[in-house]
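Protein chains in written order, with the working numbering: chain F, 1 to 416; chain W, 417 to 717. Yeah, the Cβ is synthetic: ideal placement off N, Cα and C, and Gly gets one too. Being a predicted model, the structure only gives us computed values, none of them experimental.
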Amino acid sequence: MDWLIDLLPLSYTDSVVFLGAVILGVAAGVLGAFAVLRQRSLVGDALSHATLPGVCVAFIATGAKDASTLAIGAAAAGLVAATMILIIERTDRIRPDAAIGVVLSGFFSLGIVLLTYLANFNNSNQAGLDTYLFGQAAGLLEQDLTVMGLLCLISLAGVALAFRPLKTALFDMAFAGSVGLPTRLLELAMTAMLVIAIVIGVRTVGAILMVAMLVVPTITARQFTSRLSILLVLSGLFGAAVGSIGALISNSGGLPTGPVIVLVGFVFAMTAILLAPGRGVAWRAGKIMRDRRRAATEGVLIDLETALHAGAPPTPEELATVSGRPLRTVKRALTDLDRAGSLRRDGDRVYLSEAGAAAVHTLLDRRDLWTLWLEYGWRLDIPDAREPDPRRLRETLGDDLTDQLLAMASEEQAGS
Amino acid sequence: MSDDLAIILTAGLLGTAAGLLGPFLVLRRQVLLSDAVSHAVLPGIVIVFLLFGSRAPVPVIIGAAVFAVICVLGIEAIRNTGLVHSDAAIGLVFPTLFALGVLGVTEFAEGVHLDLDSTIYGEIAFTPFRTWEVFGVEVVRSLPLLGAVTALNVLLLALFWKEIKVTTFDPSFARVNGISPVVISRCILVAVAITAVTAFESVGAILVVTMLIVPAATSYLLTVRLLPMVLVSVGIGWISAMGGYSFAISMDASIGGSMGMVAAACFVLALLFAPRYGFVTRALVRARRRSAARKPAEAGT
């Protein structure tokens, strides 16, 4: 770890905190994904609270306060708590959320009792155990980093080695069982991964904020990909980014590390939820607006063509009256058409340019083709389960099938 | 009033106030939302403290209630995008609000009367020392406060019992009959937030969350009807208060933590021995049925 710390252009303590935050981000990102995707992220909340009694018991049993002893205690308590959640859920009466809540409060109460019990011994050595509640990044030591880094590497290697069975179990436990995978073992492995992520992170950000670290990278990454392998990589990267940016901001502002990291994470997650291409809230709203506008423009184009057949070139006002659209929509559509070069203007009146006439014809052909598809489409022998797109029927059906459709229609009309 | 009595009464009142609401959280699967809400009120407390420079109960409760509503609305807004599951939405929103609160405390209020320990992990052992003068009589402050909250919760349940019941068990039927499940659900969560924040300064967050969740879950294992479930839940709250206090005195440990442990112990007992749903009871019933099934078969051979 020495060379890494020397490599960073930060003071010694700041570098330790920075590296700790990065390791935490990667671990929480990759390992947390297996809880978040199973919709069990709040198990992480319960388990991070449950590490407290484990740490106390480890301290009572060994009297040692080094990172690895306490980590073992925390991990053991986390596993016990996870098992208890599963057992309680098996009653069928208590639902998962209540099981998580009960285990959370039970273990945390036990932890508080043990903490005060320890404090009564006036054992000054116990001071610092309660940093497990709120986390204290500044208290990280170089040896903590080594433990965290090793745990992180081992568990990442485990994920890489068991990727396929884990993926199967993650998305379809019943199927995994039916093809002979050890489902109990895989479920245990996923829980153990969650515990490891928590043990790595809880010292830095604290029990209450830990759940955000588990959730943020996965939901950020999920907005950009639908493949698990890519998601895990992205999630690890986002986790590292959140951790490092948070650590840097808290360093420069002299703010507590845990809360700053969580706030940075919130910004990451919300940005992804709002702006992610193809999925984000703003992106979808924009697409709906563009689609609506295009539909209105096409409608006005056809109205204009109809009006031109009926008589003299109309003014926008006349067009609005004839088509029954609001004048504003018509004007905006005309501006769009003008920009596309489909319009000629004669004072107030508008008529179609050559390009505009061509555009109307393709549009009308497309509509006719869609009508034919609705009428005769069922007779076509399509080799797969394609669902044609009304706007791009020829492209989705392919030239062969479209020609068949046209031939069928003309035959039918000739027959009648 | 002796200190012992004050502490037990405070915890018992909390057990009553929380025990009245808890069953509905369990039945509506909103247990973790209550946990989230009780953490998310922290920035409300901090902002009120920064604005008014006081921790007077009424503004603090209002500030906290505002943030409870923000938390619930935020979680719903994120879930309604359809991009994030509700558990992840909870896990995203409440730590963020809590982080804001922690930042506020450490930046602006450190060293003043508002530190994390007293806001979130308020120690019930100190309640007897915080007193109010009422008509010349010295009263432990937490008692009238928690008493008022308990009365509020009783009133809420008494006035809207039918509405709360129907929206809990059959929201679509309720909506058809003109009772909005959303409004009722918000009311319950605001009541949870008010209970939580009132209790915070006297007993601490862990005990509040525990008292909301554990007695109700225990009671759910023991009962099948709603009214008994609520009453048993309140009863378990009182048992935890008294049992926890004597345990804490004998072990010289945290009183709030001990009360939580007693509540958890009640849950474990119910999990094992509840007449209908307990593991041991069900195993016994199964064994008896099996032997009963075997006997006529043996008699036949």
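- When only Cα atoms are considered, His501/W and Phe171/F end up about 15 Å apart.
- Selection Thr83/F, Ala64/F and Ser244/F evaluated against Val102/F yields Thr83/F as nearest (Cα-Cα).
- Residue pairing by DSSP places Asp346/F opposite Arg349/F in a beta bridge.
- Counting only runs of 4 or more residues that sit fully inside the segment 237-312 of chain F, the alpha helix (DSSP H) segments are 257-275 and 281-310, in chain order.
- What Gln39/F touches in chain W, judged by beta-carbon distance under 9 Å, is His501, Ser502, Asp503 and Ala504, going in chain order.
- Boundaries for Gln39/F: no alpha helix (DSSP H) harbours it, and the DSSP string shows neither H nor E there.
- The alpha carbon of Leu443/W has as its nearest neighbour, out of Val640/W, Ile671/W, Gly428/W and Ile652/W, the alpha carbon of Val640/W.
- Val625/W belongs to the set of residues whose beta carbon lies under 9 Å from a beta carbon in chain F.
- Leu232/F places its beta carbon 9 Å or farther from that of Val36/F.
- Among the residues of chain W, those whose CB is under 9 Å from the CB of Phe108/F are Ile622, Val625, Thr626, Gly673 and Gly676, following chain order.
- The C-alpha of Arg93/F is placed about 20 Å away from the C-alpha of Thr583/W.
- Three or more pairs of CB atoms, one per stretch, sit closer than 8 Å, so the segment 108-116 of chain F contacts the segment 662-681 of chain W.
- If you ignore the 5 residues before and after Cys487/W, its C-beta comes within less than 7 Å of the C-beta of Ala452, Val453, Ala456, Val509, Phe510 and Leu513, all in its own chain and listed in chain order.
- Among the residues facing chain F, Ile494/W is included, as its CB has a counterpart in that chain under 9 Å away.
- Under the three-state reduction of DSSP, Gly356/F is assigned to helix.
- Runs of the alpha helix (DSSP H) lying entirely within the segment 452-525 of chain W and spanning at least 4 residues, in chain order: 458-468, 473-496 and 502-524.
- Assigned with DSSP and collapsed to three states, Pro165/F falls in helix.
- The beta-carbon separation of Leu70/F and Ala58/F, rounded to 5 Å, stays under the 8 Å limit for a contact.
- Listed along chain F are Thr91, Arg93 and Ile94, each with a C-beta nearer than 8 Å to that of Leu637/W.
- If only complete runs of 4 or more residues are kept, the segment 88-124 of chain F shows the alpha helix (DSSP H) at 96-120, in order along the chain.
- Taking a contact to require three or more Cβ pairs closer than 8 Å, the segment 599-608 of chain W and the segment 478-497 of chain W qualify as touching.
- Phe238/F counts as buried, since no fewer than 16 other beta carbons sit within 10 angstroms of its beta carbon.
- Thr626/W carries a helical assignment under DSSP once its states are collapsed to helix, strand and coil.
- Contact annotation for Gln136/F against chain W: no contact, minimum CB-CB distance about 12 Å [criterion: below 7 Å].
- Under the 8 Å Cβ criterion, the segment 460-472 of chain W does not count as touching the segment 627-636 of chain W, having fewer than three qualifying pairs.
- For the segment 336-348 of chain F, there are no residues whose beta carbon sits under 7 Å from a beta carbon of chain W.
- Distance check between Ile671/W and each of Gly243/F, Ser109/F, Met210/F and Pro390/F places Ser109/F closest, using alpha-carbon atoms only.
- One thing to note: Ala189/F has its Cβ no nearer than 9 Å to the Cβ of Leu214/F.
- Contact between Val43/F and Leu194/F holds: their C-beta atoms lie close to 7 Å from each other, under 8 Å.
- Within chain W, no C-beta atom comes nearer than 9 Å to that of Ala174/F; the closest sits roughly 20 Å away.
- The DSSP-derived three-state label of Gly180/F is coil.
- The C-alpha of Val606/W is placed about 54 Å away from the C-alpha of Glu317/F.
- In the assembly as shown, Met677/W is a buried residue. Its beta-carbon has 16 or more other beta-carbons within 10 Å.
- In this structure, the CA atom of Leu4/F is about 19 Å from the CA atom of Ile154/F.
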